[in-house]
Amino acid sequence: MIRFLDVHKSYRVDGREIPALQPFNLDIVDGEVFGIIGHSGAGKSTLIRLINLLERPSGGRILIGDTEMTALDEAALHAQRRRIGMIFQHFNLLASQTVADNVAFPLRLAGERDQVNIRVRVAELLERVGLSEHANKYPSQLSGGQKQRVGIARALANRPEILLCDEATSALDPQTTASVLDLLAAINRELKLTIVLITHEMDVVRRICDRVAVLDAGRIVESGTVADVFLHPRHATTRRFVEEALPEEAATAQAPGVAGRVMRLTFRGAATLQPVLSRVMREHGVDFNLLAGRIDRIKELPYGQLTLALEGANTDAALAALRAAGIEIEEVAA
Amino acid sequence: MMASPLQSLFPNIDDWGELGRACIDTLLMLGGSLALTVLIGLPLGVLLYLTGQGQLRAMPKFYGIVSLLVNVLRSVPFIILMIVLMPVTYALVGTKLGVRGAIPPLVIGAAPFFARLVETTLREVQKGVIEAAQAMGASTWQIVRHVLLPEARAGIAAGITVTAIALVGYTAMGGAIGSGGLGDLAYRYGYLSYKSDYMVVTVALLVVLVQLLQMLGDRIVARYKHH
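Those protein sequence lines, which keep their order, are chains A and B.
Position one of the first sequence corresponds to residue 715 (the working numbering), numbered consecutively onward.
Position one of the second sequence corresponds to residue 4 (the working numbering), numbered consecutively onward.
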């Protein structure tokens, strides 16, 4: 468990205190993938760096398990950091070292001297990230996706319990992003390590996160399971992120001249796969016009979200029947 | 002795052996002072880098003092520095003359210059790479040893090349006040005795030396570059 207790952070610039993060509490559970989403300048890179104390909080306490990070001396902090892997937007590999030496680097830092142990471990890690045949290349000879895989192998070298991802896919094209996210999800599943990632893309959160916190101007404005936050965003910033992920939908639902009541229906899990909608509409004699819709997945959870314009005398009864069948319904403001 | 083509080309040079010894003296001065310059200037450059504003071990006051000292040494013309340092030189090596007498002022003149080059080169190492090492639990010393120096080695090699060439110039200047070497010959015979042959030959030799140093340096830099 990573626990923030009343943590805040401000920077001193020209003698003035500039707040970066307002006081907040946050728990990140062992084994989950926790996303922090925010626009640039919202404070997310500060927040993720508080975990391994690359940034020191101005106040409050940060605990990892039973260890109070904020109370450690330098040597103990270095030891703790070896149990926390980190990957970066710009990869931050040693340009002067080969792929294998980059991956071996944290092992050597931790005091491993046995060349055979190092070689075996490096081979194992490169195999996991699918780069075995690139061991002797230099980072400049690799593509962005391959560089990030080296970064991941390096971050995993000391068998950390936590992996921090600092905009790890922001410099990658969509296809490469998908493969790196798949790799991260597999690592989370197989190694049972906790992943904390920051991003400005809702799609990254939707693909691999279990829970999410939305950061806006140094404040956590919304947090919860990804399904709840993604399907029913409450804060304006969250809504904007969701709309960015589903742009065409937002546009259609707001089109003028639509007759009837505009409702958004959300199906989750098993409900997505049942023919509930057509049965209820037929039984209540309600007409509906499909304005927008999608059926997709949030991590492994299938969901459907349809925006409908409903017309008919029994609309309320139909909605009640849908609710009873486990479908979430919201009226969309015209 | 038979008249060789060299002798007919440069009739005023009557002792080629002396010229050879001067060459060796210049190389000794260069080698000795370059080694010591790197030995002193490299840690000094790392120190300047680490204690600079916003760096790993920022110490503004300390940095200010060391930085001032470096600037003072760099702004004194080398010929003046040599004269001013004579008592120090004598105390350090027991003579003010010859190869040994030349090395202390050469090092004191060149080390601050090289240290600045090292500092500038280290500043160009990507901040993110240093942050990554910190995130892995690296100590400051480990970062210097395993990140900064390896990542900056092409730039440091270029800095050593520039410094070596500057030192060639300094050794020649040192000739004027008794340190020997090619500069001494050029000054005494070529300038004071109007034997321009000496001037031509010593300058040509210095040009060749500088050229060789630059080529060697460029090769090493190219080998270290991986990005």
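Every residue gets a Cβ at the ideal spot worked out from N, C-alpha and C, and that includes glycine.
To the nearest angstrom, how far is it from the Cα of residue i to the Cα of residue j?
i         : j          : result
A/Arg-978 : A/Val-894  : 33 Å
B/Leu-12  : B/Gly-162  : 38 Å
A/His-998 : A/Leu-1033 : 10 Å
B/Ile-16  : B/Ile-168  : 26 Å
B/Thr-174 : B/Tyr-194  : 17 Å
B/Gln-129 : B/Gly-172  : 34 Å
B/Thr-98  : B/Val-203  : 30 Å
B/Glu-21  : A/Arg-827  : 54 Å
B/Gly-184 : B/Ser-78   : 25 Å
B/Ala-155 : B/Thr-124  : 6 Å
B/Met-4   : B/Trp-19   : Residue placement at B/Met-4 is flagged as unreliable, the pLDDT there being 49, under the threshold of 50; a coordinate-derived value is accordingly withheld.
A/Glu-838 : A/Ile-832  : 10 Å
A/Val-973 : A/Ala-892  : The amino acid at residue 973 of chain A is misidentified as Val; the sequence shows Ala. Roughly 40 Å separates the two Cα atoms.
B/Ala-189 : B/Ser-182  : 12 Å
A/Ala-702 : A/Ala-756  : With chain A represented from 715 up to 1048, any question about residue 702 of chain A goes unanswered, as that position is not in the structure.
A/Arg-775 : A/Gln-736  : 14 Å
A/Val-727 : A/Ala-734  : 12 Å
A/Leu-877 : A/Arg-868  : 11 Å
B/Leu-30  : B/Ile-133  : 38 Å
A/Arg-763 : A/Ala-824  : 21 Å
A/Val-943 : A/Val-926  : 8 Å
A/Leu-886 : A/Pro-947  : 27 Å
A/Gly-745 : B/Gly-220  : 52 Å
A/Pro-874 : B/Leu-39   : 44 Å
B/Gln-137 : A/Leu-808  : 13 Å
Could you spell out where the beta strand (DSSP E) holding residue i opens and where it closes?
i          : result
A/Glu-936  : 933–939
A/Ile-1012 : 1001–1012
A/Lys-723  : 716–727
B/Tyr-192  : Neither: B/Tyr-192 is in no beta strand (DSSP E) and is coded neither H nor E.
A/Thr-1021 : 1015–1025
A/Met-800  : 798–802
A/Phe-955  : First-last for A/Phe-955: 950–959, but that is the alpha helix (DSSP H), not the beta strand (DSSP E).
A/Phe-805  : Neither: A/Phe-805 is in no beta strand (DSSP E) and is coded neither H nor E.
A/Phe-738  : 730–742
A/Gly-774  : 773–778
Could you round the C-beta distance between residue i and residue j to whole angstroms and report it? I think they count as a contact, below 8 Å.
i          : j          : result
A/Lys-723  : A/Ile-912  : That pair is no contact at about 15 Å.
A/Ile-801  : A/Asp-880  : 7 Å
A/Leu-897  : A/Arg-921  : A/Leu-897 to A/Arg-921, Cβ: 12 Å. No contact.
A/His-914  : A/Ser-754  : 7 Å
A/Val-928  : A/Gly-752  : 7 Å
B/Leu-59   : B/Ile-146  : 7 Å
B/Val-96   : B/Ser-36   : Going by Cβ atoms, the distance from B/Val-96 to B/Ser-36 rounds to 12 Å, so no, they are not a contact pair.
B/Ile-82   : B/Ala-179  : 7 Å
A/Asn-872  : B/Ala-135  : Not quite, the Cβ-Cβ distance comes to about 13 Å (not below 8 Å), so this is no contact.
A/Gly-1018 : A/Ile-1009 : 4 Å
Mind listing the chain B neighbours of residue i? Cutoff is C-beta to C-beta under 9 Å, in chain order.
i         : result
A/Gln-862 : None at all; the shortest Cβ gap to chain B is about 13 Å.
Please list, in chain order, the chain B residues whose beta carbon lies closer than 8 Å to that of residue i.
i          : result
A/Phe-802  : Gly-131, Glu-134, Ala-135
A/Arg-795  : Gln-137, Ala-138, Met-139, Gly-140
A/His-792  : Gly-140, Ala-141, Ser-142
A/Pro-1016 : What A/Pro-1016 touches in chain B: nothing, since even the nearest Cβ is about 37 Å away.
Identify the contact partners of residue i in chain A, using a Cβ-Cβ distance below 8 Å as the criterion.
i         : result
B/Val-150 : Leu-808
B/Pro-153 : Leu-808, Ser-810, Gln-811
B/Gln-145 : Leu-823
Specify, as a first and last residue, the run of the alpha helix (DSSP H) that residue i falls within.
i          : result
A/Leu-897  : 888–905
B/Cys-26   : 19–54
A/Ile-1043 : Unbroken run through A/Ile-1043 is the beta strand (DSSP E), 1042–1045; no alpha helix (DSSP H).
B/Ala-135  : 130–138
Give me the chain A residues within the contact set of residue i, using Cβ-Cβ distance strictly less than 7 Å, ordered along the chain.
i         : result
B/Arg-156 : Ser-810
Show which residues of chain A have a CB atom less than 9 Å away from the CB atom of residue i.
i        : result
B/Gln-58 : Per Cβ cutoff of 9 Å: no residues; B/Gln-58 is ~15 Å from chain A at best.
Taking residue i as the query, report the chain B residues whose CB atoms sit under 7 Å from its CB, ordered along the chain.
i         : result
A/Phe-748 : Those do not exist, as A/Phe-748 stays about 18 Å from chain B at its closest Cβ, beyond 7 Å.
A/Leu-768 : Glu-134, Gln-137, Ala-138
A/Pro-820 : Met-139
Discussion item. Tell me whether the stretch 1002–1009 of chain A and the stretch 1022–1031 of chain A touch, counting them as touching only if at least three CB pairs, one residue from each stretch, are closer than 8 Å.
Written reply: Between the stretch 1002–1009 of chain A and the stretch 1022–1031 of chain A there are three or more C-beta pairs closer than 8 Å, enough to call the two in contact.
Discussion item. Across the stretch 130–147 of chain B and the stretch 66–85 of chain B, are there enough close Cβ pairs to call them in contact, namely three or more that are closer than 8 Å?
Written reply: No: fewer than three Cβ pairs fall under 8 Å.
Item to complete: Evaluate the contact criterion for the stretch 782–797 of chain A versus the stretch 118–130 of chain B: three or more CB pairs, one atom per stretch, below 8 Å.
Response: Output reads no: the stretch 118–130 of chain B does not touch the stretch 782–797 of chain A.
Discussion item. Check whether the stretch 94–110 of chain B and the stretch 758–777 of chain A touch, using three or more Cβ-Cβ pairs below 8 Å as the test.
Written reply: Pairwise C-beta distances place the stretch 94–110 of chain B out of contact with the stretch 758–777 of chain A, as fewer than three of them are shorter than 8 Å.
Worksheet item: Is the stretch 859–876 of chain A close to the stretch 806–814 of chain A, with three or more CB pairs under 8 Å?
Response: Per the Cβ contact rule, the stretch 859–876 of chain A is in contact with the stretch 806–814 of chain A (3 or more Cβ pairs under 8 Å).
Worksheet item: For the stretch 929–947 of chain A against the stretch 777–786 of chain A, are there 3 or more C-beta pairs whose distance is under 8 Å?
Response: No: fewer than three Cβ pairs fall under 8 Å.
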